[in-house]
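Protein chains: 2
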Amino acid sequence: MTNPESPGVTGPNAVLVLGLGQIGGSVLQAASAIVPAVGWSPSQETRGLATDAGYTVHNELVDALEWAASVDALVVLGAPHTEYDGLLRKITRHAPRVLLTDVGSVKQAVAQQVQTITPEARYIGGHPMAGGTESGWAAARPDLFQDRIWVSCLERNSQLPAWETIAGLWLRMGARVVPTTAREHDRAVARVSHLPHLMALALAQVGQLGGPLAWSLAAGSFESGTRVAATRPELIRAMCEVNREALIDAFDDALGIMGVARGSLASTGSLIKATDGGHSARKAYEARDSALTEVTMTNPTSGELTDFGDDGGIITGLARTGKKLTVTGTRR
Amino acid sequence: MTNPESPGVTGPNAVLVLGLGQIGGSVLQAASAIVPAVGWSPSQETRGLATDAGYTVHNELVDALEWAASVDALVVLGAPHTEYDGLLRKITRHAPRVLLTDVGSVKQAVAQQVQTITPEARYIGGHPMAGGTESGWAAARPDLFQDRIWVSCLERNSQLPAWETIAGLWLRMGARVVPTTAREHDRAVARVSHLPHLMALALAQVGQLGGPLAWSLAAGSFESGTRVAATRPELIRAMCEVNREALIDAFDDALGIMGVARGSLASTGSLIKATDGGHSARKAYEARDSALTEVTMTNPTSGELTDFGDDGGIITGLARTGKKLTVTGTRR
Numbered sequence: 145m146t147n148p149e150s151p152g153v154t155g156p157n158a159v160l161v162l163g164l165g166q167i168g169g170s171v172l173q174a175a176s177a178i179v180p181a182v183g184w185s186p187s188q189e190t191r192g193l194a195t196d197a198g199y200t201v202h203n204e205l206v207d208a209l210e211w212a213a214s215v216d217a218l219v220v221l222g223a224p225h226t227e228y229d230g231l232l233r234k235i236t237r238h239a240p241r242v243l244l245t246d247v248g249s250v251k252q253a254v255a256q257q258v259q260t261i262t263p264e265a266r267y268i269g270g271h272p273m274a275g276g277t278e279s280g281w282a283a284a285r286p287d288l289f290q291d292r293i294w295v296s297c298l299e300r301n302s303q304l305p306a307w308e309t310i311a312g313l314w315l316r317m318g319a320r321v322v323p324t325t326a327r328e329h330d331r332a333v334a335r336v337s338h339l340p341h342l343m344a345l346a347l348a349q350v351g352q353l354g355g356p357l358a359w360s361l362a363a364g365s366f367e368s369g370t371r372v373a374a375t376r377p378e379l380i381r382a383m384c385e386v387n388r389e390a391l392i393d394a395f396d397d398a399l400g401i402m403g404v405a406r407g408s409l410a411s412t413g414s415l416i417k418a419t420d421g422g423h424s425a426r427k428a429y430e431a432r433d434s435a436l437t438e439v440t441m442t443n444p445t446s447g448e449l450t451d452f453g454d455d456g457g458i459i460t461g462l463a464r465t466g467k468k469l470t471v472t473g474t475r476r
Numbered sequence: 145m146t147n148p149e150s151p152g153v154t155g156p157n158a159v160l161v162l163g164l165g166q167i168g169g170s171v172l173q174a175a176s177a178i179v180p181a182v183g184w185s186p187s188q189e190t191r192g193l194a195t196d197a198g199y200t201v202h203n204e205l206v207d208a209l210e211w212a213a214s215v216d217a218l219v220v221l222g223a224p225h226t227e228y229d230g231l232l233r234k235i236t237r238h239a240p241r242v243l244l245t246d247v248g249s250v251k252q253a254v255a256q257q258v259q260t261i262t263p264e265a266r267y268i269g270g271h272p273m274a275g276g277t278e279s280g281w282a283a284a285r286p287d288l289f290q291d292r293i294w295v296s297c298l299e300r301n302s303q304l305p306a307w308e309t310i311a312g313l314w315l316r317m318g319a320r321v322v323p324t325t326a327r328e329h330d331r332a333v334a335r336v337s338h339l340p341h342l343m344a345l346a347l348a349q350v351g352q353l354g355g356p357l358a359w360s361l362a363a364g365s366f367e368s369g370t371r372v373a374a375t376r377p378e379l380i381r382a383m384c385e386v387n388r389e390a391l392i393d394a395f396d397d398a399l400g401i402m403g404v405a406r407g408s409l410a411s412t413g414s415l416i417k418a419t420d421g422g423h424s425a426r427k428a429y430e431a432r433d434s435a436l437t438e439v440t441m442t443n444p445t446s447g448e449l450t451d452f453g454d455d456g457g458i459i460t461g462l463a464r465t466g467k468k469l470t471v472t473g474t475r476r
């Protein structure tokens, strides 16, 4: 299928989204504007809401998968990670060689699971950095991925065609694509997503230990510092517990930095190291997009793409002309 | 002076604000609409900006203090805490028995300082829970305190007239007043303001250790979790280092909660205690104003007022008729 906005970019023929929560539902809504797209949810209520909103929904998972196999649709695992095992077994039975991705927030564990259960699927792990503390179909919207980052995983020896097809779809949904390995992805999100949730949860508890007066005095810093503690606990557990090794490393860095600050406060009374180090880190984060260089790569290898992503590169366009794939993006 | 909106409420005759940053400048702007108000800043540039904006500004600190003594103005310490020592010495010399408050974020240390340097001043410690990561006169605005909490400190044996006069002014500026002791204030803000800043700074550093890829993947939870790390480091140090004892307690609670979560993840793989406990704490915080009871107190003692504040009570009105002081507010 040809992208009308970027002639020469290939994408999937069709899309099947399994699970229609905030992310899965948004994928169905965004994909429907680009290719034939079908959704499925185990919840009759959700299927009804999606149908009422004008989207195409299958009632039976087997029917949906047989349709996906027949048209070579991209199958998107949009359900919680706890459902992957059952879904992958169904895929092995009814659409074993399908183009497959997921939107979960950990990538190594899923890659292993797919390799074990669905080894013939053309799988590329994915993770859109979008969505908030709300959940369910009611929180889905077609522009959820506009200008957001979408990680599309590659390993050194990956075959590129499946990646190109899938990453091309995310770009057409308005996202920007970061290519990296499952391992590097998991290490990064442990620091910038999983640990922030656990620190927000800890801070909320420290506040509560202060009694009613603490609630009266809580202002901006407590509000923003605990914001994501409102996320449903089972969603936080689902993403954090699976990323155990990388998250323990991030925990140890945080406990070390906070322990040094606590010790310095108790001994010398000074917090200069904590304040200066943390402030300059936040300023570096704020300035991360302030001096970008445009980059063009022709027929990059998967290793060149993951190096690009690991070095802070972000892909904004993919275009194919015959055997030539042109990748455009920005580098810091 | 009588409040035209609430007849019978006494307030100060006039106000002198020393230091015209975001908080001090906003106090000058808000007070100018209510009583004769004068500002002073050590910075000629700031004095010029305030004068250009139509506010009354003294060039000389001594002139300003002599004016304050002559009209029995409320003197507001709006400068950084590091400047208090020098300002208090000037006050002792030129306006020793003045009505005095401050807007700093720690209260026990200032109370001791005032007791030592300016023992004759009628001092009531204050702390408006307002202001953001910006600073300076440019960030000041007259409605900064609208609907915000303003702590106005009392000790068990405090005399109430000075407190009534000062708290009355904050109410007329649109704030809501929480009466508590300096000690309880310091313990609460350690948890809901000082520790949140230090955790934001630590989280920013943990993110930076993830390299350029981490910056690409940082989304909502990292953004909100590190927001206040953008605050000027010297302001964070100024408030945190002075509140050492209470902040160490808060640190130890946070390190304990995070350490248990880390240990549980490493041993059992489960984060259920961290997620459930933190989530219910955040939900309790979000619901803190959802079921308020209206309260009226007549001629309360300072002990009754601080008990009220420590129990989550918030004062929304003060009215005096002869010897009768009526305090209205809300309790959770």
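Line by line, the protein sequences give chains E and X.
So the first sequence is numbered by the working numbering: it starts at 145 and just counts up by one.
So the second sequence is numbered by the working numbering: it starts at 145 and just counts up by one.
Using N, Cα and C, we set each Cβ at its ideal position, and we do this for glycine too.
Check                                                                                                                           : Outcome
Span separating the alpha-carbon of residue 355 of chain X from that of residue 455 of chain E                                  : 8 Å
Other residues of its chain near residue 444 of chain X: CB distance less than 7 Å, five sequence neighbours each side excluded : 471
First and last residue of the uninterrupted beta strand (DSSP E) at residue 109 of chain X                                      : Since the first residue of chain X shown is 145 and the last is 476, residue 109 of chain X is not available in this structure.
Integer-rounded CB distance, given that residue 390 of chain X should sit under 8 Å from residue 334 of chain X                 : 4 Å
Exposure of residue 370 of chain X, with buried meaning 16 or more beta-carbon neighbours within 10 Å                           : buried
Cβ of residue 441 of chain X within 9 Å of any chain E Cβ                                                                       : no
Buried/exposed call for residue 263 of chain X, threshold 16 Cβ in 10 Å                                                         : exposed
Within 9 Å, strictly: CB atoms of residue 460 of chain E and residue 242 of chain E                                             : no
Contact set for residue 404 of chain X: own chain, Cβ-Cβ below 8 Å, skip 5 residues either direction                            : 417, 418
Whole-angstrom C-beta distance between residue 190 of chain E and residue 164 of chain E, which should lie under 8 Å            : 5 Å
Other residues of its chain near residue 175 of chain X: CB distance less than 6 Å, five sequence neighbours each side excluded : 159, 181
Through-space distance from residue 375 of chain X to residue 479 of chain E, alpha-carbon basis                                : Chain E is shown only over 145 to 476; residue 479 of chain E falls outside these bounds and no answer can be derived.
Span separating the alpha-carbon of residue 490 of chain E from that of residue 254 of chain E                                  : This structure cannot speak to residue 490 of chain E, because chain E is shown only from 145 to 476.
Residue 365 of chain E - DSSP class collapsed to helix/strand/coil                                                              : helix
Nearest residue (CA-CA) to residue 337 of chain X, options E/465, E/363, E/157                                                  : E/363
Where residue 329 of chain E sits in the DSSP three-state scheme                                                                : helix
Residue-chain proximity (residue 149 of chain E, chain X), Cβ-Cβ < 9 Å                                                          : Reliability fails at residue 149 of chain E, whose pLDDT of 47 lies under 50, so the model's placement of it is uncertain and no value is given.
The segment 425-438 of chain X / the segment 292-306 of chain X touching (three or more Cβ pairs under 8 Å)                     : no
Closer than 7 Å at the beta carbon, the chain X residues around residue 384 of chain E                                          : 415
Contacts that residue 392 of chain E makes with chain X (C-beta to C-beta distance below 8 Å)                                   : 406, 409, 410
Sequence-distant residues of its chain with Cβ nearer than 6 Å to residue 210 of chain E (five each side left out)              : 238
Chain X contacts made by the segment 443-470 of chain E, where a contact means CB separation under 7 Å                          : 453, 454, 455, 456, 458
Chain E within 9 Å of residue 317 of chain X, Cβ atoms only                                                                     : no
Inside the segment 174-222 of chain X only - beta strand (DSSP E) runs reaching at least 3 residues                             : 181-184, 218-221
Stretch-stretch touch, CB-based, cutoff 8 Å, three pairs: the segment 191-210 of chain X with the segment 296-314 of chain X    : no
Outcome for residue 252 of chain X when other beta-carbon atoms lying within 10 angstroms are tallied against a minimum of 16   : buried
Residue from E/212, E/464, E/430, E/428 whose Cα sits closest to the Cα of residue 442 of chain E                               : E/464
Same chain only: Cβ atoms within 8 Å of residue 301 of chain X, ignoring 5 sequence neighbours per side                         : 446
C-beta atoms of residue 245 of chain X and residue 296 of chain X nearer than 9 Å                                               : yes
Check whether residue 340 of chain X and residue 366 of chain E have beta carbons under 9 Å apart                               : yes
C-beta neighbour in chain X for residue 380 of chain E, strict 9 Å                                                              : yes
Unbroken alpha helix (DSSP H) run spanning residue 341 of chain E, endpoints                                                    : 339-352
Residue 318 of chain E versus residue 287 of chain E - alpha carbon distance                                                    : 8 Å
Continuous alpha helix (DSSP H) stretch holding residue 450 of chain X: start and end                                           : 446-454
Element boundaries [alpha helix (DSSP H), containing residue 406 of chain X]                                                    : 388-411
Candidates X/316, X/387, X/305, of which the one nearest residue 468 of chain X by Cα                                           : X/305
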